[in-house]
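Here the structure is laid out as structure tokens; the discussion comes afterwards.
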Amino acid sequence: MSRAATTTDVFNAVAEASRRDILMAIGDGEAGVGDLVERLHLTQPQVSKHLAVLRQVNLVRCRAVGRERRYTVNGTALKPIHDWVSAFEQQWNLRLDRLDDVLAEMQQQPTQQHRSSQQQEKS
Amino acid sequence: MSAQTTSRTGNRHGSAVVTTPSDREICITRVFDAPADAVFTAWTTPDLVRQWWGSESEPLVVCDIDLRVGGSWRYVTRGPEDVEFGWHGVYREIARPDRLVSTEVFEGFPDAEAVNTLTLDERNGTTTLTVIVLHASKENRDGHLESGMEAGMQIVLDRFEDLVRTDN
Numbered sequence: 001m002s003r004a005a006t007t008t009d010v011f012n013a014v015a016e017a018s019r020r021d022i023l024m025a026i027g028d029g030e031a032g033v034g035d036l037v038e039r040l041h042l043t044q045p046q047v048s049k050h051l052a053v054l055r056q057v058n059l060v061r062c063r064a065v066g067r068e069r070r071y072t073v074n075g076t077a078l079k080p081i082h083d084w085v086s087a088f089e090q091q092w093n094l095r096l097d098r099l100d101d102v103l104a105e106m107q108q109q110p111t112q113q114h115r116s117s118q119q120q121e122k123s
Numbered sequence: 124m125s126a127q128t129t130s131r132t133g134n135r136h137g138s139a140v141v142t143t144p145s146d147r148e149i150c151i152t153r154v155f156d157a158p159a160d161a162v163f164t165a166w167t168t169p170d171l172v173r174q175w176w177g178s179e180s181e182p183l184v185v186c187d188i189d190l191r192v193g194g195s196w197r198y199v200t201r202g203p204e205d206v207e208f209g210w211h212g213v214y215r216e217i218a219r220p221d222r223l224v225s226t227e228v229f230e231g232f233p234d235a236e237a238v239n240t241l242t243l244d245e246r247n248g249t250t251t252l253t254v255i256v257l258h259a260s261k262e263n264r265d266g267h268l269e270s271g272m273e274a275g276m277q278i279v280l281d282r283f284e285d286l287v288r289t290d291n
């Protein structure tokens with residue numbers, strides 16, 4: 001994970017709950033500061049401050065529409081966080097896949113004992 | 124990994140989802156084609172836990188389960204070069220077949236006790252398993268996720284090693 005090491009990184013940026021709320025509120029759409037103030041019940045300076053941090057680590061992009069700035073989420077910047085969680089997820093996936101197999105065997109036993117013992121005789 | 128097939132229920136393989144609902148929590152979710160009671164049994168019976176909790180390269184060598192409120196549990200895995208990892212805790216709440224609350228300590232970080240809440244929600248023969256791991260601090264939670272990352276990397280490296288061996 002040798003990624004951009006600026007003064008702040010995406011992990012620090014999303015450690016603050018309000019900034020995660022802002023990312024969620026923008027979602028896969030586009031929002032202006034006014035939209036976010038209204039939706040999240042934060043003040044305009046708070047939203048602007050959080051957006052500045054998110055911009056600094058490249059988590060949001062903005063474009064000017066007339067006099068307003070409109071923000072979108074830059075999903076690829078979230079990849080380091082995704083990778084970090086997904087390694088843990090992979091470990092649990094393998095573990096729970098094995099549990100799945102154990103459960104399948106448990107369910108086969110009462111009803112298909114006869115068949116599986118026949119299969120064992122063959123092999 | 125998605126190309127992996129099994130002769131049994133394998134169509135749900137790889138479907139576990141891990142999220143971090145708050146700064147101190149990890150949430151693991153997975154659906155099983157089995158009744159909640161069977162999942163609860165597989166989760167709490169040592170002979171069955173041995174079959175799934177550890178892996179082929181890191182089997183469970185200790186699996187003690189004293190399933191009563193106040194009773195303790197301990198799991199130990201032994202990996203390559205006899206490296207052992209241990210976890211233990213105490214059962215706080217047992218409501219078969221749909222809820223189990225226990226503490227968990229990874230013995231490598233004995234001060235970072237977490238509380239695990241297992242819920243099993245059965246609907247039309249399928250059961251949604253949810254484990255919420257609640258840590259005392261964000262630092263402990265992050266450390267837990269990172270330990271998983273190391274283990275995940277280990278799995279990747281093991282696979283790589285297997286690949287290299289078969290190529291020779």
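Order-wise, the sequence lines are chains P and H.
Under the working numbering, the residues of the first sequence are numbered 1 to 123, in order.
Under the working numbering, the residues of the second sequence are numbered 124 to 291, in order.
We put the beta carbon where it would ideally sit given N, CA and C, even for glycine.
Note that this is a predicted model, so its numbers are computed, not measured.
query: Helix or strand or just coil, what does DSSP make of GLU181 (chain H)?; result: coil
query: Tell me whether ARG219 (chain H) is buried or exposed, calling it buried when 16 or more other Cβ atoms sit within 10 Å of its Cβ.; result: exposed
query: According to DSSP, simplified to helix, strand and coil, what is VAL192 (chain H)?; result: coil
query: Mark ASP97 (chain P) as exposed unless 16 or more other C-beta atoms lie within 10 angstroms of its C-beta, in which case mark it buried.; result: buried
query: Just to confirm, is the Cβ distance from VAL57 (chain P) to ILE22 (chain P) under 9 Å?; result: no
query: What did DSSP end up calling HIS211 (chain H) once you bin it into helix, strand or coil?; result: strand
query: With a 10 Å radius around its C-beta and 16 neighbouring C-beta atoms as the bar for buried, classify HIS82 (chain P) as buried or exposed.; result: exposed
query: Kindly list, in the order they appear in chain P, the residues whose Cβ is closer than 7 Å to that of PHE155 (chain H).; result: ASP100 and LEU103
query: Do LEU36 (chain P) and VAL162 (chain H) have their CB atoms nearer than 9 Å?; result: no
query: Output the boundary residues of the alpha helix (DSSP H) element that contains THR164 (chain H).; result: 159-167
query: Touching or not, the region 147-157 of chain H and the region 245-253 of chain H, by the rule of three or more beta carbon pairs under 8 Å?; result: yes
query: Taking the straight line between their C-alpha atoms, what separation do you get for ILE188 (chain H) and LYS79 (chain P)?; result: 38 Å
query: Any beta carbon from chain P within less than 9 Å of GLU211 (chain H)'s own beta carbon?; result: A small correction: the amino acid at residue 211 (chain H) is His; Glu does not occupy that position in the sequence shown. No, HIS211 (chain H) does not count as interfacial toward chain P.
query: Which bits of chain H does MET106 (chain P) rub up against, with CB to CB less than 9 Å?; result: ALA157, ALA161, THR164, ALA165 and LEU171
query: Under a three-way DSSP split, which group does GLN108 (chain P) fall into?; result: helix
query: Just the Cα atoms here: how many angstroms apart are PHE11 (chain P) and THR226 (chain H)?; result: 28 Å
query: Using only CA atoms, which one of H:ALA235, H:VAL184 and H:LEU268 lies nearest to ASP170 (chain H)?; result: H:VAL184
query: Based on the DSSP secondary-structure assignment, which residues constitute the bridge partners of GLY32 (chain P)?; result: P:ARG70
query: Starting from ALA25 (chain P), follow the alpha helix (DSSP H) in both directions and report where the run begins and ends.; result: 17-26
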